[in-house]
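Novice: The structure's right below; bear with me while I get my questions together.
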Amino acid sequence: MKEKIILIGGGGHCKACIDVIEQEGRFTIAGIVDVPEKLGRSVLGYSVLGSDDDLPDLIGTYPYVLITLGQIKSPIRRIELFNDFILMGAQFPVIQSPLAYVSPHAHVAEGTIVMHHSLINAGASVGKNCIINTKALVEHDAVIEDHCHISTDAVVNGGVKIGSGSFFGSGAVAAENTSIPSNSFIKANSLIPQNR
């Protein structure tokens with residue numbers, strides 16, 4: 008029998024995560040946690056079964072959790088939720104699309120989702136609670152610290168280091184061995200040259 012997982016946040020990113028979880032086939036989605044006014048609604052057929060107030064009870068019943076709240080403007084809410092859930096005893100699996108490739112010589116930490124057609128190459132390291140979005144490329148020996156969002160079709164070249172809490176926009180490219188500070192916001196289609 009598959010383990011059940013609850014999803015935290017019922018917006019657009021949640022829909023994309025649902026698709027990955029269904030395709031991966033390791034978990035059954037028990038339901039979604041969102042704001043109180045959305046109780047009883049559904050997202051792609053899965054019920055909003057609680058709000059923040061219900062989390063201690065829900066995690067007691069469903070210990071597996073994925074934060075499906077998106078991250079563009081700020082990582083703060085995702086970080087707060089992650090830290091709160093760890094204290095509640097939640098377990099954060101790595102979710103990986105069967106259409107993605109993660110090298111057996113790469114490391115991906117808990118709570119991270121690796122979405123369709125993304126690629127994480129040998130020697131790369133991805134931290135906790137990250138989003139590696141559709142068609143993102145994380146090349147060899149790159150380091151992506153905790154709570155980062157690597158957006159659709161982004162290219163993180165070999166040896167790049169992206170500091171915690173950063174957003175790396177769609178189509179952005181970081182030249183090899185570049186270092187990007189924590190809490191950076193890299194706009195879509197940016198080119199980040201090598202650090203001098």
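Residue numbers (our numbering): 8 to 203. Each residue gets a CB set at the ideal place from its N, CA and C atoms; glycine is no exception.
(1) What does DSSP give as the partner residue(s) for L144 in the beta ladder?
(2) Looking only at C-alpha atoms, which of G165, I127, K9 sits nearest to S110?
(3) Report yes or no: do the region 69-80 and the region 12-23 share at least 3 C-beta pairs separated by less than 8 angstroms?
(4) Given that a residue counts as buried once 16 or more other Cβ atoms are within 10 Å of its Cβ, and exposed if not, what is A129?
(5) Do you know whose CA, among S177, V133, N190, K142, lies nearest V150's CA?
(6) Just grab the DSSP bridge partners of Q218 for me.
(7) Counting only the same chain and skipping the five closest in sequence on each side, list residues whose C-beta sits under 6 angstroms from that of L144.
(8) Work out the CA separation of Q201 and S58 for me, nearest whole Å.
(9) For the alpha helix (DSSP H) containing I28, name the first residue and the last one.
(10) Return the first residue and the last residue of the beta strand (DSSP E) that G77 is part of.
(11) Compute the Euclidean distance between the alpha carbons of R33 and G19, then round it to the nearest angstrom.
(12) Just grab the DSSP bridge partners of I86 for me.
(13) Between the C-alpha atoms of G38 and G96, what's the straight-line distance to the nearest angstrom?
(14) Would you mind reading off the limits of the beta strand (DSSP E) that contains T35?
(15) Less than 9 angstroms between the beta carbons of S173 and H156, yes or no?
Specialist: Short version:
(1) As a first step, residue 144 is located in the sequence shown; it is residue number 137 there, counting from the start. Answer by DSSP bridge pairing, in chain order: L126, V162.
(2) By 1-based counting over the sequence shown, the position of residue 110 is 103. Checking every option, the nearest Cα to that of S110 belongs to I127.
(3) Touching, yes, given that three or more Cβ pairs across the two stretches are closer than 8 angstroms.
(4) Against the sequence shown, residue 129 aligns to sequence position 122. So A129 ends up on the exposed side.
(5) For this step, residue 150 is matched to residue 143 along the sequence shown. The option with the nearest alpha carbon to V150 is V133.
(6) No statement about residue 218 is possible, as the shown extent of the chain runs from 8 to 203 and does not include it.
(7) Working through the sequence shown from its first residue, we reach residue 144 at position 137. In its chain, beyond the 5 residues on either side, L126, V162 have a beta carbon closer than 6 angstroms to the beta carbon of L144.
(8) As a first step, residue 58 is located in the sequence shown; it is residue number 51 there, counting from the start. As a first step, residue 201 is located in the sequence shown; it is residue number 194 there, counting from the start. Just so you know, the alpha carbons of S58 and Q201 end up roughly 44 angstroms apart.
(9) Against the sequence shown, residue 28 aligns to sequence position 21. First-last of the alpha helix (DSSP H) with I28: 19-31.
(10) As a working mapping, residue 77 is identified with position 70 in the sequence shown. Per DSSP, G77 belongs to no beta strand (DSSP E) and is neither H nor E.
(11) Looking up residue 33 in the sequence shown gives position 26. Looking up residue 19 in the sequence shown gives position 12. Cα to Cα, R33 sits roughly 22 angstroms from G19.
(12) Along the sequence shown, read from residue 1 onward, the residue named residue 86 stands at position 79. Answer by DSSP bridge pairing: none, since I86 is not bridged.
(13) Counted from its first residue, the sequence shown places residue 38 at position 31. Counted from its first residue, the sequence shown places residue 96 at position 89. Approximately 18 angstroms, taken between the alpha carbons.
(14) For the purposes of this step, residue 35 is taken as the residue at position 28 of the sequence shown. In the DSSP assignment, T35 falls within the beta strand (DSSP E) that extends over 34-40.
(15) Mapped onto the sequence shown, residue 173 falls at position 166. Mapped onto the sequence shown, residue 156 falls at position 149. In contact: S173 and H156 (Cβ atoms closer than 9 angstroms).
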